[in-house]
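Using the numbering used here, you'd call the opening residue of the sequence shown number 117 and step up by one each time.
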Amino acid sequence: MQFITSITVPVSWRRQYCGIFEAKHDGVIYYLLDNQYYFKRGGLYGYYDDAERFAFFSRAVLEIIPYIEFVPDIIHCNDWQTAMIPVFLKDVYFGRPEFAHTRSVYTIHNLKYQGVFSPSVLEELLGLGPQYNCEDKLKYHDGISFMKGGIVFSDRVTTVSETYAKEIQTPYYGEGLDGLLRQNSYKLVGITNGIDYGQNNPKTDPNIVSNYTSRSLQRKAVNKTDLQKTVGLPENPEVPILSMITRLVRQKGIDLVTRVMEEILKMDIQFVLLGTGDQDYQDFFEYYAYSYPGKVSALIRFDNVLASKIYAGSDLFLMPSLFEPCGLSQMIAMAYGTLPIVRETGGLRDTVTAYNEFTGEGNGFSFTNYNAHDMLHVIEYAVAQYKNREAWQKLVKNAMNAKYDWNTQSAKYLKLYRELSED
């Protein structure tokens with residue numbers, strides 16, 4: 117990594133130090149910004165001064181351009197933390213020759229997190245006038261929303277799945293911004309995320325005991341036995357393992373599981389959970405692991421090695437999300453031949469095709485309504501299908517052969533960039 121120079125960045129009436137570094141990796145140049153006061157923290161988000169930290173970062177991204185000998189055609193911003201960059205581009209930096217041909221793309225990963233702050237930050241941190249505190253700019257109820265600024269001022273808005281792009285234009289999913297998103301639908305595009313098959317590949321994963329492909333599925337059974345042994349469940353190849361790797365929060369549909377857990381455990385299955393989150397949910401699953409030691413394993417932590425073992429050793433993977441902008445776990449599960457059971461929302465709907473027992477098509481199981489018993493019915497159906505080994509093997513191969521790689525998805529972003537550059 118090479119130090120280029122240091123500058124001062126305006127944060128309203130103040131100026132703050134910013135070091136500029138350059139690094140190269142695999143032929144790609146990265147520029148890194150240094151300010152230990154704002155960013156030498158134990159985590160990335162959730163601090164009292166987040167508005168100031170990301171106001172600084174957004175200004176710094178634009179301030180460094182004259183010093184790095186690179187003028188971008190496109191600045192691609194993500195979530196509320198960088199949502200002010202499109203605003204600054206069309207206000208503070210409007211008319212500057214170096215930005216005459218620069219366009220902005222703003223991606224919403226989760227509309228729920230909007231970066232809403234007091235209107236006082238407009239002048240105190242952003243250096244913007246009170247005219248921005250209005251309905252067609254940044255005003256959001258009694259505050260101002262960074263995310264709203266990104267939506268209004270960017271040249272294109274993207275979300276991380278095609279279905280989510282449609283959903284957020286409705287009141288149910290719109291988090292109070294559905295009207296704004298409908299108004300800006302002409303520049304809203306959904307591009308489903310991909311996964312890295314170099315990292316999520318049962319053929320090469322060093323964390324599993326037996327590597328396999330869709331042509332050597334007998335080795336997946338070895339991983340099932342290893343998972344049962346690792347998490348303390350009886351070693352039984354005939355019993356399907358239903359697993360979850362998730363944050364234990366309401367968005368992930370955990371309340372559906374808690375409502376019908378007793379009914380789920382009446383089935384001839386084993387249940388494995390890995391994750392952390394709300395204390396009530398953690399306590400719930402730990403209680404069931406204690407009460408059903410031969411059927412339930414609750415691992416209240418995050419563990420990448422164990423996650424690989426669960427993906428490889430499970431038969432079914434449950435994702436009953438209330439909403440899911442994209443979701444990656446269902447795609448990873450399919451890569452490992454573990455069939456997802458999902459609610460048809462957001463990226464789950466775009467990536468999982470429900471099994472059709474008459475045609476043999478599909479790569480998982482799904483339900484539509486956010487209803488615990490609808491979910492339960494689909495779990496029961498999936499467990500019943502597990503007994504039909506020939507059909508099950510075909511379904512597993514369908515899942516493993518479904519590809520959601522970044523090569524395909526990145527081409528859609530390149531097309532978007534070219535269209536903007538040619539405008």
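From the three backbone atoms N, C-alpha and C, an ideal C-beta is built for every residue, glycine too.
field: For D521, the residue or residues it bridges with in DSSP
entry: On the sequence shown, residue 521 is found 405 positions in, with the first residue counted as 1. Partner(s): I311.
message: Tell me whether the stretch 349-363 and the stretch 313-325 touch, counting them as touching only if at least three CB pairs, one residue from each stretch, are closer than 8 Å.
response: no
task: Please name the residue, chosen from I260, N309, A470, that lies closest to P441 on a Cα-to-Cα basis.
output: Within the sequence shown, numbered from 1, the residue matching residue 441 stands at position 325. When the alpha-carbon of P441 is set against those of I260, N309, A470, the nearest one is in N309.
message: Is it buried or exposed, E168, if we count other Cβ atoms within 10 angstroms and call 16 or more buried?
response: Your numbering for residue 168 matches position 52 in the sequence shown. Buried: at least 16 other Cβ atoms inside 10 Å.
- request: Within 10 angstroms of the Cβ of V187, are there 16 or more other Cβ atoms? Answer buried if so, exposed if not.
  value: Here residue 187 is taken as the residue at index 71 of the sequence shown, counted from 1. Looking at its Cβ environment, which holds fewer than 16 other Cβ atoms inside 10 Å, V187 is exposed.
message: Suppose you measure from the CA of A498 to the CA of E506; what does that come to, to the nearest Å?
response: Here the question's residue 498 lines up with position 382 in the sequence shown. Here the question's residue 506 lines up with position 390 in the sequence shown. When rounded, the distance between both Cα atoms is 14 Å.
- request: Would you tell me roughly how many angstroms separate the C-alpha atoms of A171 and R335, rounded to the nearest one?
  value: For the purposes of this step, residue 171 is taken as residue 55 along the sequence shown, with counting starting at 1. For the purposes of this step, residue 335 is taken as residue 219 along the sequence shown, with counting starting at 1. So the two alpha carbons sit approximately 51 Å from each other.
field: Length of the line joining the Cα atoms of G211 and R534
entry: Looking up residue 211 in the sequence shown gives position 95. Looking up residue 534 in the sequence shown gives position 418. Taking the straight line joining both Cα atoms gives about 22 Å.
- prompt: Is E214 helix, strand or coil when you go by DSSP?
  reply: Reading the sequence shown from its first residue, position 98 is the one you call residue 214. It is helical.
task: Throw me the rounded Cβ distance for the G266 and A199 pair, which I believe falls under 8 Å.
output: Indexing the sequence shown from 1 puts residue 266 at position 150. Indexing the sequence shown from 1 puts residue 199 at position 83. Right, their Cβ atoms sit about 3 Å apart.
Member of E477, E496, F474, T475 whose CA lies at the smallest distance from the CA of F483: As a working note, residue 483 is residue 367 in the sequence shown. Nearest of E477, E496, F474, T475 to F483, Cα basis: E496.
- request: Apply the 10 Å Cβ neighbour rule to G480 and answer buried if 16 or more other Cβ atoms are within range, or exposed otherwise.
  value: For this step, residue 480 is matched to residue 364 along the sequence shown. The residue in question, G480, is buried, as its Cβ has 16 or more Cβ neighbours within 10 Å.
field: Range of the contiguous beta strand (DSSP E) that encloses Y163
entry: Taking the first residue of the sequence shown as 1, we reach residue 163 at position 47. Where Y163 is concerned, there is no enclosing beta strand (DSSP E), given that its DSSP letter is neither H nor E.
message: Check this for me: beta carbons of F269 and K228, under 8 Å apart or not?
response: For the purposes of this step, residue 269 is taken as the residue at position 153 of the sequence shown. For the purposes of this step, residue 228 is taken as the residue at position 112 of the sequence shown. Taking 8 Å as the Cβ cut-off, F269 and K228 do not qualify as a contacting pair.
- prompt: Taking DSSP as the reference, what is the three-state secondary structure of R363?
  reply: What you label residue 363 is simply residue 247 of the sequence shown in a count that begins at 1. Note: R363 maps to coil in three-state DSSP.
Span separating the alpha-carbon of Y471 from that of I190: Within the sequence shown, the letter at position 355 stands for residue 471. Within the sequence shown, the letter at position 74 stands for residue 190. If you take the alpha carbons of Y471 and I190, they lie about 41 Å apart.
field: Pair within 8 Å by beta-carbon distance, T274 and R465
entry: On the sequence shown, position 158 is the one that residue 274 refers to. On the sequence shown, position 349 is the one that residue 465 refers to. Result no, Cβ atoms of T274 and R465 do not sit closer than 8 Å.
task: Give me the Cα-Cα distance between L530 and L254, rounded to the nearest whole angstrom.
output: Position 414 of the sequence shown holds residue 530. Position 138 of the sequence shown holds residue 254. L530 and L254: Cα-Cα distance of roughly 29 Å.
message: Do T362 and K368 count as a contact pair if the criterion is CB distance below 8 Å?
response: Residue numbering aside, residue 368 sits at position 252 when the sequence shown is read from its first letter. Residue numbering aside, residue 362 sits at position 246 when the sequence shown is read from its first letter. Closer than 8 Å, so yes.
- prompt: Excluding sequence positions up to five away, which residues of its chain have a Cβ less than 6 Å from the Cβ of G443?
  reply: Within the sequence shown, the letter at position 327 stands for residue 443. The beta carbon of G443 sits closer than 6 Å to those of G463, L464, all from its chain and outside the five residues before and after it, given in chain order.
Per DSSP, the bridge partner or partners of Q132: Residue numbering aside, residue 132 sits at position 16 when the sequence shown is read from its first letter. Paired residues: V125.
Nearest residue (CA-CA) to S593, options I224, Y248, V221: Since the first residue of the chain shown is 117 and the last is 539, residue 593 is not available in this structure.
query: Run through DSSP, which three-state label would D394 get?
result: Within the sequence shown, residue 394 is the residue found at index 278, counting from 1. Three-state DSSP puts D394 in coil, outside helix and strand.
query: Between the C-alpha atoms of A139 and D150, what's the straight-line distance to the nearest angstrom?
result: Here residue 139 refers to the residue found at position 23 when the sequence shown is read from its first residue. Here residue 150 refers to the residue found at position 34 when the sequence shown is read from its first residue. A139 and D150: Cα-Cα distance of roughly 13 Å.
message: Let's test the definition: count the other Cβ atoms within 10 Å of the Cβ of V458 and tell me whether it reaches 16, buried, or not, exposed.
response: Residue numbering aside, residue 458 sits at position 342 when the sequence shown is read from its first letter. Classification of V458: buried, given that the 10 Å Cβ count is 16 or more.
- prompt: Below 8 Å, can you find three or more Cβ-Cβ pairs linking the stretch 449-457 to the stretch 514-531?
  reply: yes
message: Between which two residues does the beta strand (DSSP E) holding M435 run?
response: Here the question's residue 435 lines up with position 319 in the sequence shown. Taken as a continuous stretch (DSSP letters only), the beta strand (DSSP E) holding M435 covers 432-435.
field: Cβ-based neighbour list, Y408, same chain, cut-off 7 Å, excluding 5 preceding and 5 following
entry: Mapped onto the sequence shown, residue 408 falls at position 292. Once the five neighbours on either side are set aside, the close Cβ partners of Y408 are L381.
task: From the DSSP output, in three-state form, read off N249 for me.
output: As a working mapping, residue 249 is identified with position 133 in the sequence shown. If DSSP states are grouped into helix, strand and coil, N249 belongs with coil.
task: Note the first and the last residue of the continuous alpha helix (DSSP H) segment covering L238.
output: On the sequence shown, residue 238 is found 122 positions in, with the first residue counted as 1. L238 -> alpha helix (DSSP H) spans 237-240.
field: Beta-carbon contacts of A428 that lie in its chain and below 6 Å, excluding the five residues immediately before and after
entry: Start at 1 with the first residue of the sequence shown, and residue 428 comes out as number 312. Short of 6 Å from the beta carbon of A428, and not among the five residues preceding or following it, lie these beta carbons of its own chain, in chain order: P318, I324, N339, Y452.
field: Three-state secondary structure assigned by DSSP to R331
entry: Counted from its first residue, the sequence shown places residue 331 at position 215. It is coil, neither helix nor strand.
message: Restricting to runs no shorter than 4 residues, where is the alpha helix (DSSP H) found entirely within the stretch 422-464?
response: Within the stretch 422-464, the alpha helix (DSSP H) runs of at least 4 residues that lie entirely inside it are, in chain order, 445-451.
- request: Quick one: residues in its chain with C-beta nearer than 8 Å to the C-beta of Q525, no 5 flanking neighbours on either side, listed in chain order?
  value: Numbered from 1 along the sequence shown, position 409 holds the residue referred to as residue 525. I307, T308, N309, G310.
- request: Find the nearest neighbour of V421 within the set P322, Y397, M450, judged by alpha-carbon distance.
  value: For the purposes of this step, residue 421 is taken as the residue at position 305 of the sequence shown. Out of P322, Y397, M450, P322 has the C-alpha closest to the C-alpha of V421.
message: Can you find the residues in the same chain that come closer than 6 Å, C-beta to C-beta, to S430, ignoring five residues on each side of it along the sequence?
response: For the purposes of this step, residue 430 is taken as residue 314 along the sequence shown, with counting starting at 1. Closer than 6 Å at Cβ, skipping near neighbours: I357, S359, T454.
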